[in-house]
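For the sequence shown, my numbering begins at 412 and goes up steadily by one.
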Amino acid sequence: MTIKPIVVGTDGSAQAVRAVEWAAREAVLRSAPLRIVSAAEMPPQMHLPQEAIAIKTVAAHLIADRDLALSTAALAAAAVAPGLLIDTDPLDGAPAHSVSASGSGASLLVVGSHGSGAFAAMALGSVSRYAAVHASCPVVVVRDSAAATDRLVAVGIRSTLDCAAALAFAFEEAHLRKAALLAVHASQDRYTLASEQAALDDLLDDWQCKYPDVNASGDIVHGHPGRVLADLSAKADLVVLGRHTANDRLVPGPARVIHAVVGHAHGPVATVPSQNS
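Dropping the structure here:
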């Protein structure tokens with residue numbers, strides 16, 4: 412059986428290199444190959460001779476930067492994961508779209524939360540925001556924060572009736588990391604919280620049978636889901652969120668939660684497409 416690769420995007424920034432290192436360690440956990448991608452967005456085509464010369468010069472620099480980012484990332488990945496099978500792949504087109512599309516056929520797409528400098532931060536930030544909600548595979552956005560030491564994988568549960576994909580991903584990550592799992596349902600509506608506890612406990616009992624080695628528990632919290640999960644990310648190795656996509660549109664409520672958590676998290680955040688997406 413062919414093992415799906417883990418794909419990681421880089422732009423050469425220090426933040427991207429940290430994402431590559433995270434992806435390399437994840438590839439070792441999963442016994443999967445690593446594919447490193449980088450996109451060079453070409454300037455618009457113009458027809459005046461002098462402008463054409465300038466565009467070719469800019470394009471050459473962009474391609475050189477892309478190729479340097481790939482080689483630097485490959486060295487970084489090899490340093491943290493000796494013996495790991497590593498491939499590099501240059502991409503063309505708009506970075507947000509091309510990096511997101513590169514996750515097709517991958518088990519996981521990893522991106523940094525931002526680049527270095529104001530412009531780079533804006534550019535890579537747009538890639539991470541787009542990929543987190545549009546890529547066809549699970550996406551992990553890696554932030555520049557100290558690694559958690561609690562051996563905990565947290566998963567946000569919006570509805571116990573529609574969370575199978577996110578729970579499956581979270582339990583597998585907890586199993587691979589020999590970590591505990593905490594499933595959290597957060598809501599600002601106090602009246603619905605009591606009824607959710609029993610449903611969450613029953614759901615976790617079912618999954619516990621599939622992963623008996625994972626110490627799983629559930630928690631019902633009053634508060635905004637985005638804030639609760641972002642705060643939880645300070646002590647979790649990974650926070651997992653489910654998402655729905657349809658015709659490149661994300662359901663508004665979950666979209667706001669995802670952007671809030673990704674934007675304010677202290678550590679890596681995974682977004683997992685539902686089985687119906």
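Ideal Cβ positions, reconstructed from N, Cα and C, are used throughout, including at glycine. Here the structure is a predicted model, which is why all the values come from computation and not from measurement.
Of the residues the options, the one placed nearest residue i, counting alpha carbons only
i: Leu615; options: Leu592, Arg588 and Val552; result: Leu592
i: Val632; options: Cys548, Asp624 and Leu643; result: Leu643
i: Ile447; options: Arg441, Gly423 and Val469; result: Gly423
i: Ser482; options: Pro506, Ile497 and Val469; result: Ile497
i: Gln426; options: Arg562, Gly678, Glu584 and Thr682; result: Gly678
i: Leu445; options: Leu473, Val428 and Leu495; result: Leu495
i: Ala435; options: Ala505, Ala542, Val553 and Ser537; result: Val553
i: Ser511; options: Lys646, Ser537 and Phe580; result: Ser537
i: Ala641; options: Ser628, Val673, Gln619 and Thr421; result: Val673
i: Gly567; options: Val668, Ile417, Ala430 and Ser442; result: Val668
i: Asp630; options: Ala676, Lys621 and Leu611; result: Leu611
i: Ala645; options: Asn626, Ala507, Ala627 and His675; result: His675
i: Ala517; options: Ala443, Val491, Ser524 and Arg477; result: Ala443
i: Ala480; options: Ala451, Ala492, Ala505 and Val491; result: Ala451
i: Ala580; options: Lys621, Thr468, Ser513 and His670; result: The question names Ala, but residue 580 is Phe in the sequence shown. Of Lys621, Thr468, Ser513 and His670, the residue nearest in Cα terms is Lys621.
i: Asp503; options: Ala484, Ala492, Asp478 and Thr571; result: Asp478
i: Thr499; options: Thr421, Ser570, Lys415 and Ala647; result: Thr421
i: Pro493; options: Val439, Ala475 and Ser449; result: Val439
i: Leu486; options: Glu432, Leu520 and Asp561; result: Glu432
i: Ser449; options: Tyr541, Arg562, Val522 and Ala627; result: Val522
i: Arg588; options: Asp624, Ser539 and Cys574; result: Asp624
Where residue i falls: helix, strand or coil (DSSP)
i: Asp613; result: helix
i: Ala531; result: Here the model assigns Ala531 a pLDDT of 43, short of 50, so the residue's position is not dependable and the matter cannot be decided.
i: Asp659; result: Its pLDDT being 40, under 50, Asp659 is placed unreliably in this model, and the value from its coordinates should be taken loosely. Asp659: coil per DSSP, three-state reduction.
i: His675; result: helix
i: Ile669; result: helix
i: Asp476; result: helix
i: Ser628; result: strand
i: Pro684; result: strand
i: Pro549; result: coil
i: Leu481; result: helix
i: Ala565; result: strand
i: Pro623; result: coil
i: Pro501; result: strand
i: Leu495; result: coil
i: Leu520; result: strand
Where residue i falls, given that 16 or more other Cβ within 10 Å makes a residue buried
i: Ala471; result: exposed
i: Tyr602; result: exposed
i: Ala681; result: buried
i: Ile417; result: buried
i: Thr689; result: Given a span of 412 to 688 for the chain in the structure shown, any question on residue 689 remains unanswerable.
i: Arg562; result: exposed
The beta strand (DSSP E) enclosing residue i, as first and last residue numbers
i: Ser449; result: Leu445 to Ala451
i: Ala575; result: First-last for Ala575: Ala575 to Arg588, but that is the alpha helix (DSSP H), not the beta strand (DSSP E).
i: Ser524; result: That residue, Ser524, is in no beta strand (DSSP E); it is neither H nor E in DSSP.
i: Ser598; result: Ala591 to Ser598
i: Gly420; result: Ile417 to Gly420
Residue i, enclosing alpha helix (DSSP H) - first and last residue
i: Val428; result: Ala425 to Arg441
i: Val639; result: Pro636 to Leu643
i: Arg654; result: Looking at the DSSP string, Arg654 is not in any alpha helix (DSSP H); the run it does join, the beta strand (DSSP E), is Leu649 to Arg654.
Near the ligand SAM: residue i beta-carbon under 7 angstroms from a heavy atom
i: Ala676; result: This structure does not include the ligand SAM; it has no bound ligands of any sort.
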